[in-house]
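Residue numbers (our numbering): 403 to 542.
One structure below.
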Amino acid sequence: MAFSHKSSQDDRNVTNQTESYRGWDMTLVPGMDGRTLEPHHDCPVEVALEALKGRWTTLVLRELMHGDKSYGALSQSLPKLSDKVLTDVLTHLRKCGVVSRTVFRGFPNRTLYRLTATGWEIRPLLIELYRTGLRMRKSC
């Protein structure tokens, strides 16, 4: 009787390496999504870090944490940030669901940017990154 590899796997509960490792810190990695042995785009930490990438992203977020702002107000509050980079950052943050954009029709049209609920969830993370950075700045 021929025994194929496929049929040998049909009756077993097969797990891969990432699922079979039992030493996970359940606070740090509470779900299966983060239990990878290499960077993966679906890992929740990687998703959050992707949203925060870029040199100006955290500064734009900081400005929006003070309240809704028009494009012009954001540009004025970060005068060294070029229009292209500001547009790119806002587009990226909108794509990640962190910032919303509302256009008010009129002459001229007015555009307002605001943090979404997800954007506000980033605030404690940025606070802790700041505090950690202060401590690390002395040694890095």
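All C-beta atoms in this analysis are idealised placements derived from N, C-alpha and C, irrespective of residue type, glycine included.
Chain B contact for residue i (CB, 8 angstroms cutoff)
i: Thr-513; result: No chain B appears in the structure shown, which is made up of a single protein chain.
Selected residue, minimal CA-CA separation from residue i, among the options
i: Leu-461; options: Cys-542, Ile-524 and Arg-539; result: Ile-524
i: Tyr-473; options: Lys-497, Thr-513 and Pro-481; result: Thr-513
i: Leu-492; options: Arg-457, Asn-511 and Tyr-532; result: Arg-457
i: Met-467; options: Gly-535, Asp-435, Leu-439 and Leu-527; result: Leu-527
i: Ala-519; options: Arg-503, Leu-536, Gly-499 and Glu-530; result: Gly-499
i: Ser-455; options: Asp-444, Asp-490, Arg-503 and Leu-430; result: Here residue 455 turns out to be Lys, not Ser, going by the sequence shown. Closest option to Lys-455, Cα to Cα, is Asp-490.
i: Gly-469; options: Leu-517, Tyr-532, Leu-430 and Ala-450; result: Leu-517
i: Ile-529; options: Cys-542, Leu-463, Phe-509 and Lys-497; result: Leu-463
Reduced DSSP category for residue i - H, G, I as helix; E, B as strand; rest coil
i: Arg-512; result: strand
i: Lys-540; result: coil
i: Arg-414; result: Here Arg-414 scores only 44 on pLDDT, less than 50, and its place in the model should not be relied on; the value that follows carries that caveat. Arg-414: coil per DSSP, three-state reduction.
i: Arg-503; result: strand
i: Ser-472; result: strand
i: Leu-439; result: coil
i: Met-434; result: helix
i: Gln-419; result: With a pLDDT of only 43 at Gln-419, under the threshold of 50, the placement of this residue in the model should not be trusted; the figure read from the coordinates follows. Residue state, collapsed to three classes: helix.
i: Pro-481; result: coil
i: Thr-534; result: helix
i: Leu-527; result: helix
Beta-carbon spacing of residue i, residue j below 8 angstroms
i: Gly-521; j: Val-501; result: yes
i: Leu-488; j: Leu-476; result: yes
i: Tyr-515; j: Lys-471; result: yes
i: Pro-441; j: Glu-448; result: yes
i: Glu-465; j: Ser-484; result: no
i: Cys-445; j: Gly-433; result: no
Alpha helix (DSSP H) segment containing residue i, residue limits
i: Gly-521; result: 519-523
i: Arg-457; result: Per DSSP, Arg-457 belongs to no alpha helix (DSSP H) and is neither H nor E.
i: Thr-489; result: 485-497
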